[in-house]
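K.L.:
Protein chains in written order, with my numbering: chain A, 424 to 536; chain B, 558 to 1117.
1) Return the Cβ separation of residue 1053 (chain B) and residue 996 (chain B) in integer angstroms, given the expectation that the two are a contact with Cβ distance under 8 Å.
2) For a contact meaning CB atoms closer than 7 Å, what does residue 961 (chain B) contact in chain A?
3) Interface residues of chain B around residue 518 (chain A) at Cβ under 8 Å?
4) Can you pull the chain B neighbours of residue 484 (chain A), defined as C-beta to C-beta under 9 Å?
5) What is the rounded straight-line gap between the Cα of residue 425 (chain A) and the Cα of residue 1068 (chain B)?
6) Just curious, the alpha helix (DSSP H) that residue 1089 (chain B) is in, first and last residue?
7) I'd like to know if residue 1053 (chain B) contacts chain A, where contact means its C-beta is closer than 9 Å to some C-beta of that chain.
8) Looking at the secondary structure, which residues open and close the alpha helix (DSSP H) in which residue 880 (chain B) lies?
9) Between which two residues does the beta strand (DSSP E) holding residue 926 (chain B) run?
10) With a threshold of 9 Å between beta carbons, is residue 819 (chain B) in contact with chain A?
11) Considering just the uninterrupted stretch of the alpha helix (DSSP H) at residue 976 (chain B), what are its terminal residues?
12) Work out the CA separation of residue 739 (chain B) and residue 807 (chain B) for me, nearest whole Å.
13) With 9 Å set as the bound, which would you pick, yes or no: does the beta-carbon of residue 453 (chain A) sit closer than that to a beta-carbon of chain B?
14) Could you list which residues in chain B have their beta carbon closer than 9 Å to that of residue 478 (chain A), in chain order?
15) Just curious, the alpha helix (DSSP H) that residue 959 (chain B) is in, first and last residue?
16) Starting from residue 622 (chain B), follow its DSSP beta bridges and name the residues at the other end.
17) Specify the secondary structure class of residue 490 (chain A) as computed by DSSP and reduced to three states.
18) Between which two residues does the beta strand (DSSP E) harbouring residue 612 (chain B) extend?
19) Rounded to whole angstroms, what is the Cα-Cα separation between residue 1009 (chain B) and residue 882 (chain B)?
20) With DSSP run on the structure shown, which of helix, strand or coil describes residue 711 (chain B)?
21) Would you list, in chain order, the members of the stretch 491-521 of chain A that have their beta-carbon closer than 8 Å to a beta-carbon of chain B?
22) Closest Cβ-Cβ distance between residue 1105 (chain B) and chain A: below 9 Å?
23) Going along the stretch 432-450 of chain A in order, which residues come within less than 8 Å of chain B, judged by CB to CB distance?
24) Which residues of chain B have a Cβ atom closer than 8 Å to the Cβ of residue 524 (chain A), listed in chain order?
25) Use the C-beta contact count for residue 464 (chain A): other C-beta atoms within 10 angstroms, 16 or more gives buried, fewer gives exposed.
26) For chain D, is any of its Cβ atoms less than 9 Å away from the one on residue 1013 (chain B)?
27) Under 9 Å between C-beta atoms, does residue 924 (chain B) make it to chain A?
28) Could you give the distance in angstroms between the alpha-carbon of residue 830 (chain B) and the alpha-carbon of residue 865 (chain B)?
29) For residue 507 (chain A), which of helix, strand or coil comes out of DSSP?
30) Counting C-beta neighbours from all protein chains within 10 Å, is the total for residue 884 (chain B) 16 or more, i.e. buried, or is it exposed?
31) Alpha carbon to alpha carbon, what distance is there between residue 486 (chain A) and residue 473 (chain A)?
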């Protein structure tokens, strides 16, 4: 599988660092189940995508799915560290307007408080 | 082991399409074609089937065909008409039903809805019994040959035939009274798959089968279990043995053949292993009143266990193969329907023309385009459904139908995509969505378009390229998404180019993408879609496409 996830907690926010590709199949499924587990205990999640070099249409669907179900469950989920490629995809699909995106981890963490 | 087989000198072969009746009289067997209705049976000489027995009435019964089914109706006979041992007035006939007219111990008739030349295992057996294939060939071995032949002919329903024949053959070998074949279902329980008695009658599951012995056999590691109730002291809890007066029960677990081979090597089977390789069970029994079958030789039982298991397993494989083949056929039909739906018929209008190209990578992709013309408008749409394969194709067809019909109804573009989004999100298709562009132009060159998360269209005007960035969210992702369309004025000769991201993300061997810049430069210089595709192919070199590439061009030719 081409996606690894590491999580740490900073000031009550669970920061999930994704490394690799978010693509349809095992990767998207892993992202979904990992975030589901985290969201069952933490209501503040920051997704660090700085080491995600590729996201395909299926991966994007999963990201939006996780994002909107977390939101409707009352959780706060933000994105940071968008690579140019991921930024482009979010720009084309206009999903950049849906996600809360921050330039740095610091700014994102501050926004939770 | 050589098995004596009954000879059937009277067996006739009939041709083709009609059902048949097999008349069994003493040692003779004759086949009658049911090629007309009504088919009369009686003692009178003018009947279709004449049975010269005083207990048969002169006008005894009729077999009629109604809507493809066959019925037997008694004609007020003195001694009655019987189907599978039960007296009937009128009854619908099922495959292998046994019909008797007045006489319960004489001639009987077996009903076959399919012609005599079809794959009836028992008929095959009786046919080849006459041939001297090899004196050493057992009936079960012959059945294996039958199975091979059936597989080659892609015949259906092999398993049922095999099971009934296994039951019949086992009865013949053991000289028992009843035989049942059970198959293990997916949940691990046993399901009765065939039941026969020594008279060839169909038996169903009832309380007279000793399920306790069946269970015991399945949980033991032995090849077969012979229970002689006259020797057994503990009959507590064995209701059916007592109730049905069973004398001997032989139960043979059917094990997967290859596992059985391994079992011989490892003499001790771990307890948790027992039962996992079972595919079914053969159960035969006899009552006290009947003959004693407890002395059936162990060799015969062992042979039945091995051969029957092999046969049943092979029949299951044939059935699975057949199911897979039919499934493939269904898929092929679905695929051809899908292709016909996706076939684009470009309408001709005096003020615009369009063309489109689609390069598909390996499997069915989610790209498609279509065009619709109404009285004064011409509309094109290009859609990229996320994912690939059958699921993407299904969504694509639904989407195409919705967009197409809404365009025909001349709905505003923003409303069309909002309706599609609503439909997709309400159906909870789970992370399935699509990006698309719909563009509609009128005679005066007024262009309206709506972009839903798609690569921005290119407007090529006088070798200059413009990219209108206005856009909306994809459809199917978010229920509360709102959509807006944009407007542009085209001049005569202006071109609108729609592409999917397969084009901009096409890679070359170095891992570079084709990108918007190359696309725009090529679009500005080229005059046809083929030039754009040629540029794309040149860029990629030999690197295969990762995604479908679709390009659609709409040219405003103006009113001339």
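We put the beta carbon where it would ideally sit given N, CA and C, even for glycine.
P.N.:
The relevant details are as follows:
1) Your numbering for residue 1053 (chain B) matches position 496 in the second chain. Your numbering for residue 996 (chain B) matches position 439 in the second chain. Going by Cβ atoms, the distance from residue 1053 (chain B) to residue 996 (chain B) rounds to 6 Å, so yes, they are a contact pair.
2) Residue mapping note: residue 961 (chain B) aligns to position 404 of the second chain, counting from 1. Result: empty, since nearest Cβ-Cβ is about 23 Å, beyond 7 Å.
3) Here residue 518 (chain A) refers to the residue found at position 95 of the first chain. Within 8 Å Cβ-Cβ: 1010, 1030, 1031 and 1034.
4) To locate residue 484 (chain A), count along the first chain from 1; it is residue 61. Neighbours of residue 484 (chain A) on chain B, chain order: 943, 944, 987, 988, 989, 990, 1031, 1033 and 1034.
5) One-based indexing of the first chain puts residue 425 (chain A) at position 2. One-based indexing of the second chain puts residue 1068 (chain B) at position 511. Roughly 17 Å separates the two Cα atoms.
6) The count along the second chain starts at 1 and reaches residue 1089 (chain B) at position 532. Where residue 1089 (chain B) is concerned, the enclosing alpha helix (DSSP H) stretches over 1086-1097.
7) Locating residue 1053 (chain B) in the second chain gives position 496, counting from the first residue. Cβ-Cβ to chain A under 9 Å: no for residue 1053 (chain B).
8) On the second chain, residue 880 (chain B) is found 323 positions in, with the first residue counted as 1. 855-899 is the span of the alpha helix (DSSP H), which, as asked, contains residue 880 (chain B).
9) Numbered from its first residue, the second chain carries residue 926 (chain B) at position 369. Residues 924-930.
10) What you label residue 819 (chain B) is simply residue 262 of the second chain in a count that begins at 1. With a pLDDT of 45 at residue 819 (chain B), under the threshold of 50, the modelled position of this residue cannot be trusted, and the question is left open.
11) What you label residue 976 (chain B) is simply residue 419 of the second chain in a count that begins at 1. Note, residue 976 (chain B): alpha helix (DSSP H), 970-983.
12) Indexing the second chain from 1 puts residue 807 (chain B) at position 250. Indexing the second chain from 1 puts residue 739 (chain B) at position 182. Roughly 13 Å separates the two Cα atoms.
13) Position 30 of the first chain, counted from the start, is the residue given in the question as residue 453 (chain A). No, no contact with chain B.
14) Stepping through the first chain from its first residue, residue 478 (chain A) is reached at position 55. Neighbours of residue 478 (chain A) on chain B: none; closest Cβ ~12 Å, over 9 Å.
15) Here residue 959 (chain B) is taken as the residue at index 402 of the second chain, counted from 1. Where residue 959 (chain B) is concerned, the enclosing alpha helix (DSSP H) stretches over 946-965.
16) For the purposes of this step, residue 622 (chain B) is identified with residue 65 of the second chain, where counting begins at 1. Partner(s): B:627.
17) Against the first chain, residue 490 (chain A) aligns to sequence position 67. Note: residue 490 (chain A) maps to helix in three-state DSSP.
18) For the purposes of this step, residue 612 (chain B) is identified with residue 55 of the second chain, where counting begins at 1. Segment: none, residue 612 (chain B) is in no beta strand (DSSP E) and carries neither H nor E.
19) Counting from 1 along the second chain, the entry for residue 1009 (chain B) is found at position 452. Counting from 1 along the second chain, the entry for residue 882 (chain B) is found at position 325. Cα to Cα, the separation comes out at about 40 Å.
20) As a first step, residue 711 (chain B) is located in the second chain; it is residue number 154 there, counting from the start. With a pLDDT of 48 at residue 711 (chain B), under the threshold of 50, the modelled position of this residue cannot be trusted, and the question is left open.
21) 491, 515, 516, 517, 518, 520 and 521
22) Here residue 1105 (chain B) refers to the residue found at position 548 of the second chain. With 9 Å as the cut-off, residue 1105 (chain B) does not count as an interface residue toward chain A.
23) 447
24) The residue given as residue 524 (chain A) occupies position 101 in the first chain. Ordered by position in chain B, no residue passes the 8 Å Cβ test against residue 524 (chain A), which lies about 15 Å from the chain.
25) Here residue 464 (chain A) refers to the residue found at position 41 when the first chain is read from its first residue. Burial call: exposed.
26) Looking at the structure shown, chain D is missing, and the protein chains on hand are A and B.
27) What you label residue 924 (chain B) is simply residue 367 of the second chain in a count that begins at 1. So, not an interface residue.
28) As a first step, residue 830 (chain B) must be located in the second chain, where it is residue number 273. As a first step, residue 865 (chain B) must be located in the second chain, where it is residue number 308. With a pLDDT of 48 at residue 830 (chain B), under the threshold of 50, the predicted position of this residue should be treated as unreliable, though the coordinate-derived value follows. Taking the straight line joining both Cα atoms gives about 21 Å.
29) For the purposes of this step, residue 507 (chain A) is identified with residue 84 of the first chain, where counting begins at 1. Helix, per DSSP.
30) Residue numbering aside, residue 884 (chain B) sits at position 327 when the second chain is read from its first letter. Residue 884 (chain B) is exposed by the Cβ-count criterion.
31) In the first chain, counting from the first residue as 1, residue 473 (chain A) sits at position 50. In the first chain, counting from the first residue as 1, residue 486 (chain A) sits at position 63. Straight-line Cα distance between these residues: approximately 15 Å.
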